[in-house]
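First the structure, in the form of structure tokens, and then the observations on it.
Protein chains: 2
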Amino acid sequence: MASNPPAHLKPRKKPRQARATVTVDAIFEATIQVLLADGPQRLTTTRVAERAGVSVGTMYQYFPHKHALFYALNEHYLDVLAQKVESACQAQHGASINRMIDVLVTTYWNAKTERPEVTRALYRSVVELDNEPLIKEFARRLDAATAAMFASASDAVFADLPTVNLTLLTSIFGTVRGVFERNLPDPEASAVHRHLVLMCIAYLEAVKLPPRRAGGYDPAPRASSH
Amino acid sequence: MASNPPAHLKPRKKPRQARATVTVDAIFEATIQVLLADGPQRLTTTRVAERAGVSVGTMYQYFPHKHALFYALNEHYLDVLAQKVESACQAQHGASINRMIDVLVTTYWNAKTERPEVTRALYRSVVELDNEPLIKEFARRLDAATAAMFASASDAVFADLPTVNLTLLTSIFGTVRGVFERNLPDPEASAVHRHLVLMCIAYLEAVKLPPRRAGGYDPAPRASSH
DNA sequence: CCTCAAACTGAAGCATCCTTCATATCTTGA
DNA sequence: TCAAGATATGAAGGATGCTTCAGTTTGAGG
């Protein structure tokens, strides 16, 4: 369901027997474990294999090289994340922009916060080679999902939805990332979460086109026009 | 002028003769060059030394190991960046919040955009070991600078300035980073820049305390109260 | 001009790490 | 039960990188 991996880092083969499936799952899990325990620098084929309880050779039956493993891991993570956001957006079609923003931010936030260590580890690992296609595809999917949602808002229409949408996503993703990067403790992190919602709502209020009656912000605020 | 580097990655010695200064500068420049040309993965002591036109041994006279070099590079970069923002903030004391936001965002944005390749390379390199203290110190400095600025605003007072300030900085930094990460082409990047300013202004409008007279947003918008 | 500390050199030691492949074991299906 | 394909093993080859140090060159001060 995700994108098409560049040829050079496609998995070598898919598991056909039950034990092989177990093995591959163990390898993924081990990769995360090693990432958590030792950091991206010490993510070593040997270490992953050891932790997964298999031999190095086994890994190379499924992944042509280390980067392919890494790529597959991130692909899976981003795919799950994108699905969560997509279905959350879907569910809010026709709602108010306030609710949309709240759901969007909170869904993304919770998904990232569910396993903070994993999130942090992956953020730090995204540096590795060639996952730019992954990020692009992820961004494209969410762009589409949120744009469709906002276009369906019951209480607002936007002149330049693409830009508004892009700005929103960029700032939400960036803010969440910043919270992880600075390792903000919980009272502050929650406060930022709340204020991020406020910020986005205020932004949408400011850029939405005035509804049919009752001017939005500039001309004659709440007197019937003229 | 920056923080105190952890002992294990302090420079070994400072240049005492002119040629040594030249050497150290060349090493820094070469580090950036290699980062740009080959990426953080291929940043190798040998490669840096070669590009700098010195031998590996020379590098080790000044830096106890690779990470120390890296650390010093980032330290310098963040220091310059922090200074720019600090002085920009200083200059806006007493101004309106709109102007403050505009100056803050634009200053940061321009500083990052000045040499986009370098920015991108450094963003990608910040993964390396132990520069968390650097980030913390950088955040602390800017936090202080912008908080002081906003506290002096001529047209607004905030109930919870620390949170407002933290949210602003986190989202601004994060958004800019996101623009680089997604490698947004210029029309879109500029649009996000503009909208980021709008967003921050709308946010501050929404959270500022109502001025002495003429209620802010909730009660009786522009009729003399009561 | 001379001396000594500062600066520089770069081959080599040491430590990892990635990846392969010949071999062994397991599972399935007939 | 047995053959054949699937899966697993792990020692070893090959590559690269970090760091040291014994020795050389350079520059500053007397």
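These protein sequences, in sequence, are chains A and B.
Convert by adding 304 to the 1-based position in the first sequence; the result is the number in the working numbering.
Convert by adding 304 to the 1-based position in the second sequence; the result is the number in the working numbering.
Glycine is no exception: its CB is placed at the ideal position from the N, C-alpha and C atoms.
Counting along the chain, no alpha helix (DSSP H) covers residue 367 of chain B, and no H or E run does either.
Residue environment analysis places residue 380 of chain A among the exposed positions, since fewer than 16 neighbouring C-beta atoms fall within 10 angstroms of its C-beta. The contact set of residue 404 of chain A on chain B, defined by CB atoms closer than 8 Å, is empty, because the minimum CB distance reaches about 16 Å. Beyond the five residues adjoining it in sequence on each side, residue 343 of chain B comes within less than 7 Å, by CB distance, of no other residue in the same chain.
Residue 347 of chain A and residue 338 of chain A do touch by the CB rule: their CB atoms are close to 5 Å apart, below 8 Å. For residue 444 of chain B, the nearest beta carbon of chain A is not closer than 7 Å to its own beta carbon. Of the candidates B:354, B:500, B:480, B:480 places its Cα closest to the Cα of residue 418 of chain B. Listed as beta-bridge partners of residue 512 of chain A by DSSP are A:462. Ranked by how close their Cα comes to the Cα of residue 476 of chain B, the residues B:331, B:409, B:362 have B:409 in first place. In the pairwise beta carbon analysis, the segment 463 to 471 of chain A is classified as not touching the segment 485 to 493 of chain A: fewer than three pairs are separated by under 8 Å.
By the rule that beta-carbons nearer than 7 Å mark a contact, residue 507 of chain B touches chain A. Within chain A, not a single residue places a beta-carbon under 7 Å from that of residue 462 of chain B; the smallest gap is close to 11 Å.
Looking only at A:330, A:349, A:362, the smallest Cα-Cα distance to residue 317 of chain A is reached by A:362.
With a cutoff of 7 Å on beta-carbon distance, residue 493 of chain B and residue 483 of chain B are scored as near each other.
Judged by DSSP secondary structure, residue 325 of chain A falls within the alpha helix (DSSP H) whose first and last residues are 322 to 342. With fewer than three CB-CB distances shorter than 8 Å, the segment 328 to 337 of chain A does not count as touching the segment 442 to 453 of chain A. Note that the segment 395 to 410 of chain A does not touch the segment 363 to 383 of chain A; fewer than 3 beta-carbon pairs, one per stretch, sit closer than 8 Å.
Using a Cβ-Cβ distance cut-off of 8 Å, the segment 499 to 510 of chain A and the segment 495 to 510 of chain B are in contact, since at least three pairs of beta carbons, one from each stretch, lie closer than that value. In the structure shown, residue 361 of chain B adopts helical secondary structure according to DSSP, grouped into three states. Those residues of the segment 481 to 504 of chain A placed with their C-beta closer than 7 Å to a C-beta in chain B are 481, 482, 483, 485, 486, 492, 495, 496, 499, 500, 502, 503, ordered along the chain.
Cβ atoms of residue 315 of chain A and residue 376 of chain A come within 8 Å of each other, at about 6 Å. For residue 488 of chain B, there is no enclosing alpha helix (DSSP H), as DSSP gives it neither H nor E.
Spatial neighbours of residue 352 of chain A in its own chain (CB-CB distance under 6 Å, excluding positions within 5 residues in sequence) are listed in chain order as 334, 335, 338. DSSP places residue 406 of chain A in the uninterrupted alpha helix (DSSP H) bounded by 401 to 417. Taking the Cα positions, residue 444 of chain B is about 19 Å away from residue 456 of chain B.
If the five residues before and after residue 397 of chain B are omitted, its C-beta is found closer than 7 Å to the C-beta atoms of 453, 456, all from its own chain and listed in chain order. Excluding sequence positions up to five before and after residue 446 of chain A, its CB lies within less than 7 Å of the CB of 386, 389, 473, all in the same chain and listed in chain order.
When rounded, the separation of the alpha-carbon atoms in residue 424 of chain A and residue 341 of chain B is 27 Å. Excluding its 5 nearest sequence neighbours in each direction, residue 415 of chain B has C-beta neighbours in its own chain below 7 Å: 385, 388, listed in chain order. Taking C-beta atoms as the reference points, residue 460 of chain B and residue 401 of chain B count as a pair closer than 7 Å.
Residue 356 of chain A is not a Cβ neighbour of residue 313 of chain A, given a cutoff of 7 Å. Looking only at A:437, A:428, A:369, A:321, the smallest Cα-Cα distance to residue 436 of chain B is reached by A:428. In this structure, residue 439 of chain B sits away from residue 505 of chain B, with a CB-CB distance that is not shorter than 7 Å. The three-state secondary structure of residue 435 of chain B, taken from DSSP, is coil.
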